[in-house]
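Written below as structure tokens is the structure these notes are about.
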Amino acid sequence: MAYPIEIILSRQLADCLSMPVFITDTVGNLIFYNEPAENLLGTRFEETGEMKVETWGTIFKPKDEDGNVMPPENLPLVRTLKDQYPYHKSFWIESMKGNTEKISVTSYPIIGRAGNFVGAVAIFWEAKDI
Amino acid sequence: MKIMIRGVRGSIPTTGPDTVYYGGNTSCAVAVEDDCILVLDGGSGMQKFNLLQTTAVKRVDILLTHLHLDHIQGLGFFNPFFDPTLDIHIWGPVSNISLRTRLSRYLSPPLFPVLLRDLPCKLTLHEIGDSSFDIGPFQIESRYVIHPGPTVGYRIKGKHSVFTYMPDHEPMLGAKEFPADKRWISGMELAQDADLLLHDAQYSAQQYPYRMGWGHSSMDDVAKFAELAAVKHLLLAHHDPSNSDTDLNNLFEDLQKRNNYLFKYELAAEGMVIELP
Ligand SMILES: [Zn+2]
Ligand SMILES: [Zn+2]
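So the sequences go chain by chain: A and B.
The first sequence runs 1 to 130 under the working numbering.
The second sequence runs 1001 to 1277 under the working numbering.
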């Protein structure tokens, strides 16, 4: 089954961006990530293909400013998937090299021409301040 | 299924001695199976429609891919609209403004003297998106494709064959190459294994980078797309109005020289008739 055109265009835009972009289906399975996102994940999309929400959800270990592991329900993308609204939050993640990095995440739903929710996008930014 | 090509020019009708061979009329094709007639797009190729004069058929269906002027400018000159005994259906992509309102912007003064609602035929409008529907012996799939504004392509399955119609389509927009996973290619689902694909091929590979985002494809990209879709026969269409017959022949020759595709592909020309099984 082909992806909706709105998802295909999201990927084609992500292909042109230098910001890490993650695209999920409506339940959070990772269906595409661009080259900058490959650097964050430490894997290549061509190699991993799509990833189940259980698999990719555990790669980042998001922590709050006190170093406590954040519950998933506080993460922007999880909230977008739940209520189809955009969210933004800054927090810390453990990078592939084991360093702790400050990042900001903006997530938004993809609601297509027919008004139907077809997926979500999360963009990761280097956090300037929290 | 019989396919009649009535208009293959992109953007604006071009008449003159240097476009006589491929033709100057804008998008229009006709598909016929038994007594069922589908008209694909209402470009200027729609004029002088005389198919009904020799049959007892009382219904015609017009499938619009989108409402750019080169795909609707023939509507006002489609004689069956003026026959009160005919039942005419127009199918077109849904938008937040109704299809009737959008069509009426053209079919009303000052652009056109006759109002859509005053056309003598019995007229029914249908709004579609990612849809499946049947018309007589045809099973039709419409899907949104990459082109500015709501635009669909059509996969038309007759009794024994498939015709895919995508005159305006830019599947490579912003992409470096076609992804290996075909689910990510705009329009692929419509074209897969088609017996005949009529597809936008407005530009040469050299011109395309300067026209990216205008909603059209290069000949090279379309040939590749057709190969990936395993179509049996490709018609390259929506010829750029600035290309003469000679220009088109040169561009096509160059395309052939650089590629070795095994399927049949050729430039679409006005007046072509193709009999599918
Ligand atoms: Zn066009
Ligand atoms: Zn167009």
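Even for Gly, the Cβ is constructed at its ideal location relative to N, Cα and C.
Bear in mind the structure is a predicted one, so any value in this text is a computation, not a measurement.
The Cβ-Cβ distance between A:Ser107 and A:Leu77 falls below 9 Å. For A:Arg79, no CB of chain B lies under 9 Å from its own CB, so it is not counted at the interface with that chain. Around the beta carbon of A:Tyr85, fewer than 16 other beta carbons lie within 10 angstroms, which makes this residue exposed. Going by DSSP, A:Ser107 is part of the beta strand (DSSP E) stretching over 100–111. Residue side-chain check: B:His1068 places its Cβ nearer than 8 Å to a non-hydrogen atom of ligand 2. Scanning B:Gly1174, B:Tyr1106, B:Pro1209, B:Asp1035 for the CA closest to the CA of B:Gly1158 turns up B:Asp1035. The residue among B:Ile1090, B:Gly1043, B:Ser1108, B:Ser1218 with its C-alpha nearest the C-alpha of B:Leu1125 is B:Ile1090. When DSSP states are grouped into helix, strand and coil, B:Val1222 belongs to the helix group.
If you draw a straight line from the Cα of B:Ile1146 to the Cα of B:Asn1096, it comes to about 18 Å.
In the three-state reduction of the DSSP assignment, B:His1238 falls in the coil class. According to the DSSP assignment, B:Asp1118 belongs to no alpha helix (DSSP H), since it is labelled neither H nor E. Of all residues in the region 20–36 of chain A, none places a beta-carbon less than 7 Å from a beta-carbon of chain B. In terms of Cα proximity to B:Ile1135, the closest of B:Gly1271, B:Val1020, B:Ala1031 is B:Ala1031. Between the alpha carbons of B:Ala1205 and B:Val1114 lies a gap of roughly 42 Å.
No Cβ of chain B is located within less than 9 Å of the beta carbon of A:Met51. In this structure, B:Gly1023 sits near B:Ala1269, with a CB-CB distance shorter than 9 Å. Here the alpha carbon of B:Ser1131 sits roughly 22 Å from the alpha carbon of A:Ser10. Between B:Glu1033 and B:Phe1138, the C-beta spacing is below 9 Å. Sixteen is the threshold: when 16 or more other Cβ atoms of the shown chains lie within 10 Å of the Cβ of A:Gln12, as they do, the residue is buried.
Closest option to B:Pro1080, judged by alpha-carbon separation, among B:Thr1065, B:Gly1092, B:Pro1120, B:Leu1064: B:Pro1120.
When CB distances to chain A are screened at a threshold of 8 Å, the residues of the region 1134–1147 of chain B falling below it are Arg1143, Tyr1144, Val1145, Ile1146, in chain order.
Every beta strand (DSSP E) stretch that sits fully inside the region 1035–1065 of chain B and reaches 3 residues is listed by chain position as 1036–1040, 1059–1063. Separation of the CB atoms of B:Leu1040 and B:Ala1029 is rounded to 4 Å, and the pair is thereby assigned contact status at 8 Å.
Not flagged as an interface residue toward chain A: B:Val1162, since no C-beta distance is shorter than 9 Å. Taking the Cβ atoms as the reference, B:Leu1197 lies roughly 7 Å from B:Ala1229, within the contact range of under 8 Å. Taking a Cβ-Cβ threshold of 7 Å, the residues of chain A close to B:Trp1184 are Tyr3, Ile8, Arg11, in chain order.
A:Ala122 sits close to A:Val21, with the two beta carbons spaced by under 9 Å. Contact annotation: in the region 1171–1204 of chain B, residues whose CB is within less than 7 Å of a CB in chain A are Leu1173, Gly1174, Ala1175, Lys1176, Arg1183, Trp1184, Ser1186, Met1188, Glu1189. Around A:Lys102, the same chain offers Ser90, Trp92, Ala127, Ile130 as residues with beta carbons nearer than 7 Å, after the five sequence neighbours per side are excluded. For the beta strand (DSSP E) assignment, the uninterrupted runs of no fewer than 3 residues enclosed by the region 1103–1191 of chain B are, from N- to C-terminal side, 1122–1128, 1131–1135, 1138–1144, 1152–1157, 1162–1166. Rounded to the nearest whole angstrom, the CA to CA distance from A:Thr58 to A:Asp64 is 16 Å.
For B:Pro1150, the nearest beta carbon of chain A is closer than 9 Å to its own beta carbon. When CB distances to chain B are screened at a threshold of 7 Å, the residues of the region 114–126 of chain A falling below it are Ala114, in chain order. With respect to chain B, the C-beta atom of A:Glu38 has no partner C-beta closer than 9 Å.
Closest in alpha carbon position to B:Thr1151, among B:Phe1112, B:Arg1102, B:Pro1093, is B:Pro1093. Counting only residues of its own chain and dropping the five nearest sequence neighbours on each side, A:Glu94 has a CB closer than 7 Å to the CB of Lys61, Thr100.
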